[in-house]
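Q:
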Amino acid sequence: MFGNMGNMAGMMKKVQKLQADMAKLQEELKSRTIEVSTGGGAVKVVVNGEKKVQSIKIAPSAVDPEDVEMLEDLVTAAVNEAMAKVDDMMSQEMGKLTGGLNLPPGMF
Numbered sequence: 002m003f004g005n006m007g008n009m010a011g012m013m014k015k016v017q018k019l020q021a022d023m024a025k026l027q028e029e030l031k032s033r034t035i036e037v038s039t040g041g042g043a044v045k046v047v048v049n050g051e052k053k054v055q056s057i058k059i060a061p062s063a064v065d066p067e068d069v070e071m072l073e074d075l076v077t078a079a080v081n082e083a084m085a086k087v088d089d090m091m092s093q094e095m096g097k098l099t100g101g102l103n104l105p106p107g108m109f
C-alpha cells in the first residue's frame with residue numbers, strides 16, 4: 002500500500018521537473034528567431050519564438066504601385082510561413098523534452 006505512495010511521490014517529482022524544464026525551454030525559445038523569405042527574396046520576415054514579428058524587409062523591386070496586391074500576398078505568405086515554422090520549432094523542442102509523450106493540451 003505504501004509502495005504506491007512512493008511511486009506517486011516519484012512521479013510528482015518527475016512532473017515538477019518536466020514543468021520546470023518546459024518553462025525554461027519556453028523562455029529560451031522566445032529569444033530564437035525564424036527568418037522566411039518569399040518571392041525569391043523580395044520579402045523577408047523575421048519572427049521570434051513568441052510569434053512577434055521582429056522585422057519585415059521589402060526589396061525595392063517588389064514595390065510596384067500597379068500591383069500592390071502581389072506585395073500584400075508576398076508579405077502575408079512570409080508571415081504565415083514564419084508563424085508555422087515557429088510552431089514546428091516549438092513542437093520539435095517540446096517533443097525532445099517530453100520524449101514524445103502525447104500530453105493533453107494545456108497540461109503544461
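Per my numbering, the sequence shown starts with residue 2, numbered consecutively. Think of the CB as a built atom: it goes at the ideal place given N, C-alpha and C, for glycine as much as any other residue.
Determine the closest residue to residue 83 out of 20, 50 and 19, with distance taken between C-alpha atoms.
A: Considering only alpha carbons, the answer is 50.
Q: Would you report the Cα separation of residue 44 and residue 38, rounded to the nearest angstrom?
A: Residue 44 and residue 38: Cα-Cα distance of roughly 5 Å.
Q: For residue 87 and residue 48, which I take to be in contact (beta-carbon distance under 8 Å), what is that distance rounded to the nearest angstrom?
A: Confirmed, Cβ separation roughly 6 Å.
Q: Could you check what DSSP says for residue 32 in three-state terms: helix, strand or coil?
A: DSSP places residue 32 in coil when its eight states are reduced to three.
Q: Could you spell out where the alpha helix (DSSP H) holding residue 97 opens and where it closes?
A: Run containing residue 97: 69-99, per the alpha helix (DSSP H) assignment.
Q: Report yes or no: do three or more beta-carbon pairs, one from the segment 60-67 and one from the segment 87-97, lie closer than 8 Å?
A: Touching, no.
Q: For residue 21, count the other beta carbons within 10 Å of its own beta carbon; 16 or more makes it buried, fewer makes it exposed. Which is it?
A: Label assigned to residue 21: exposed.
Q: Measure the C-alpha to C-alpha separation of residue 17 and residue 9 and round it to an integer number of angstroms.
A: Approximately 12 Å, taken between the alpha carbons.
Q: If I measure Cβ to Cβ from residue 54 and keep anything under 6 Å in the same chain, skipping five residues before and after, which residues do I get?
A: Hits under 6 Å: 48.
Q: Within a Cβ cutoff of 6 Å, which residues of the same chain sit near residue 14, ignoring the five residues on either side of it in sequence?
A: Result list for residue 14: empty, nothing under 6 Å.
Q: Just checking my contact of residue 98 with residue 23 at CB under 8 Å: how many whole Å lie between their CB atoms?
A: Yes, residue 98 and residue 23 are in contact; Cβ-Cβ is about 6 Å, under 8 Å.
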